[in-house]
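Each residue of the sequence shown is one higher than the one before, counting from 232 in the numbering used here. C-beta atoms are modelled at their ideal positions from N, C-alpha and C, and glycine is treated no differently. One structure is given here, and the rest of the page talks about it.
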Amino acid sequence: MIVKYGKKRDLPIREAVRGVIRKGNDIGIIKVNKYDCFIFPGGGVDKGEDLESALKREMLEETGYKVKVNKLILTTETSEVDFHHVNHYFECELVGPASKAKLTDVEIELGIEFDWINIDELYKYYLNYEDDSRFGDMNMLVQRSIKSRGYLLLSKYLRDQDLYFDFLRNWIGKEVKVKVDRPVGFTHRTGTYYPINYGYIDNIFALDGGKVDAYILDSDEAIDNFTGKVIGVIYREDDVEEKLIISNEDYSDNEILEKVNFVEKYFKSILVR
């Protein structure tokens, strides 16, 4: 699966490979202590390298582990800062005990270290998509990119697993700002009329390449923006993206499903609360 998101610009291409390794409910991750962020282990593909060889090399250098490279989980493409980044994420398995990581001087200066983190905690980290301005504007853009890719990866990696609804419930209670692009009274090109406001959340992307979408339940009039809490998530069995339900009031399951039925009747939808 390839997810292309954000506005594409004419920039040099940087191709990278990253590995997902798991032990029970923990995932192997690289912590960048200098900037207080998490990234999946891996790095750039050298000239003449194939993806599998590059990933084995990068995993050994950054984590100290030799790995077997299994299936491709996801490829993401986006233009960021000075490059058009193409990242390939592969599921990997450990094939031996860890040795000492071989970090570069730059990686040592960044305070890079490999660790295991609970999947739920990692999901919450990438879900916290708000900009982090502690380390300057450039780093804020880099962290925004890291979190966007991490959220997309975990959405794809966890989607078919039994506990996925538990991960989705991390959205519940989160306050979000919605930009409305389909206000009350809007008619879609397919002929669908919108009786409620519908929009998206900035800085976080769904697996269709667009920003995470949201239904707003509280206003019967067309609005431009809305701030409210997530009270539910629509999961579609026959689609690749979820929809957030936003409100500052209480609604029953039946009331929510009735309000969003004008669109969700076309999908196999489940309300997660």
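Query	Result
By how many angstroms is the C-alpha of isoleucine 454 removed from the C-alpha of phenylalanine 321?	42 Å
By alpha-carbon positions, which one of Ser284, Val312 and His319 ends up nearest to lysine 239?	Val312
Would you check if the distance between the CB atom of threonine 294 and the CB atom of glycine 327 is smaller than 9 Å?	no
Exposed or buried, which one is glycine 274 when buried takes at least 16 other CB atoms within 10 Å?	buried
Straight-line CA distance for leucine 242 to proline 272?	24 Å
Report the residue from Leu334, Ser310, Val317 and Leu282 whose alpha carbon sits nearest the alpha carbon of isoleucine 261.	Leu334
At what residue ranges does the region 369-449 contain a whole run of the beta strand (DSSP E), taking only runs of 3 or more?	406-413, 428-436 and 442-447
With C-beta atoms as the reference, is leucine 286 less than 9 Å away from lysine 387?	no
Give me the Cα-Cα distance between isoleucine 270 and tyrosine 382, rounded to the nearest whole angstrom.	11 Å
Would you grab the beta carbon distance between glutamate 472 and aspartate 439 for me? Rounded to a whole angstrom, and I think it's under 8 Å.	5 Å
Going by alpha carbons, who is nearest to isoleucine 432 out of Leu394, Asp470 and Ser379?	Ser379
So what does DSSP say about aspartate 351, is it helix, strand or coil?	helix
Between which two residues does the beta strand (DSSP E) harbouring glutamate 322 extend?	314-325
Within this structure, are the beta carbons of valine 407 and alanine 437 separated by less than 9 Å?	no
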